[in-house]
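K.L.:
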Amino acid sequence: MDLFSLTWSALRSAVAALPDDAFAEPSGCRGWLVRDLVTHLVIDAQDVLITLATPAETAPTHDLLSYWTPSPDMPDGQDPHDALIVRLARAYEDPDLLRHHLEDLGAAAGRAALLAHPGLPVSTQGKTLTVRDYLGAHVLEWTLHHLDLVAHLPTAERPAAESRLASHAPAAGPPADGLAAARDMVERRLRLRLPETWTDPDALRVATGRRPATEAEQVELDALGERGQMLPLAFG
0 MDLFSLTWSA
10 LRSAVAALPD
20 DAFAEPSGCR
30 GWLVRDLVTH
40 LVIDAQDVLI
50 TLATPAETAP
60 THDLLSYWTP
70 SPDMPDGQDP
80 HDALIVRLAR
90 AYEDPDLLRH
100 HLEDLGAAAG
110 RAALLAHPGL
120 PVSTQGKTLT
130 VRDYLGAHVL
140 EWTLHHLDLV
150 AHLPTAERPA
160 AESRLASHAP
170 AAGPPADGLA
180 AARDMVERRL
190 RLRLPETWTD
200 PDALRVATGR
210 RPATEAEQVE
220 LDALGERGQM
230 LPLAFG
């Protein structure tokens, strides 16, 4: 529950601090600009509010791990829902409108999460989870999308002297606790421990297909056996 608040607040703060021209930069989601990703976060915040207001009448069918379905089919921004996000994002001609909309809905979703009973079953996407597991699953969602947000932007860890945004303050990345928890969730869902020498951001990006493995990383994945050779997998 605390990690949900931590990662969600950090992601919203990172969006709020972006310069206007960052919204037209590519994101880590294939086929989406940063503005498309932020529009998706607006829809996500709305979904959190709807789900927390939809108590289930049945026992939980999923937990924070089984909520996710790893798939070899990588999203490319072309399916109808993803394409709708792109059209919606274009309607936000002023990045400030998008920032304010995310913060209005995002703050409300954050408050609703704090007020919800952890053991309450809720329904979403044909699944029933406790509030605790539903919010726990979103720690992975927020962390991956935070990595997507800054994928092509200068950060403190990855300065980009030649970037058009190099004169702006570096974008803030995900909090360390969120990265560690997200990595643990991915590894537990895959029933595979990624190499300890990999940083949490690298492990998450490679495992979920956000960047290709380097030659050396692929050798390490192959050494893990069949499960390692199956990567990357999209988490949806």
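All residue numbers for the sequence shown refer to numbering that gives the first Met the number 0, where the first residue is 0 and numbers rise by one.
For every residue, glycine included, the Cβ atom is placed at its ideal position computed from N, Cα and C.
1) Contact defined as beta carbons within less than 8 Å: I believe valine 47 pairs with valine 14. What is the distance between those atoms, to the nearest angstrom?
2) Phenylalanine 22 bridges to which residues according to DSSP?
3) Per DSSP, what are the beta-bridge partners of phenylalanine 234 in this structure?
4) State the beta-bridge partners of leucine 128 as determined by DSSP.
5) Decide if isoleucine 138 is buried, meaning its Cβ has at least 16 other Cβ atoms within 10 Å, or exposed.
6) Helix, strand or coil for alanine 9, going by three-state DSSP, please let me know.
7) Where does threonine 154 fall in DSSP's three states?
8) If you follow the alpha helix (DSSP H) that histidine 39 is part of, which residue opens it and which one closes it?
9) Counting Cβ pairs, one atom from each stretch, are 3 or more of them under 8 Å apart for the region 5-23 and the region 63-82?
10) So what's alanine 171 in DSSP terms, helix, strand or just coil?
11) For a quick check, are the C-beta atoms of glycine 172 and threonine 154 less than 9 Å apart?
12) Figure out for me which residue from Asp201, Gly224 and Pro94 has the closest Cα to the Cα of leucine 32.
13) Do the CB positions of leucine 143 and arginine 187 come within less than 9 Å of each other?
P.N.:
On the basis of the coordinates in this document:
1) Between valine 14 and valine 47 the Cβ distance is about 16 Å, and since that is not below 8 Å, they are no contact.
2) Note: phenylalanine 22 sits in no beta bridge, so no partner.
3) Pro69
4) Val121
5) Strictly speaking, residue 138 in this sequence is valine, with isoleucine absent from that position. Valine 138 is buried by the Cβ-count criterion.
6) helix
7) strand
8) 33-51
9) no
10) coil
11) yes
12) Pro94
13) no
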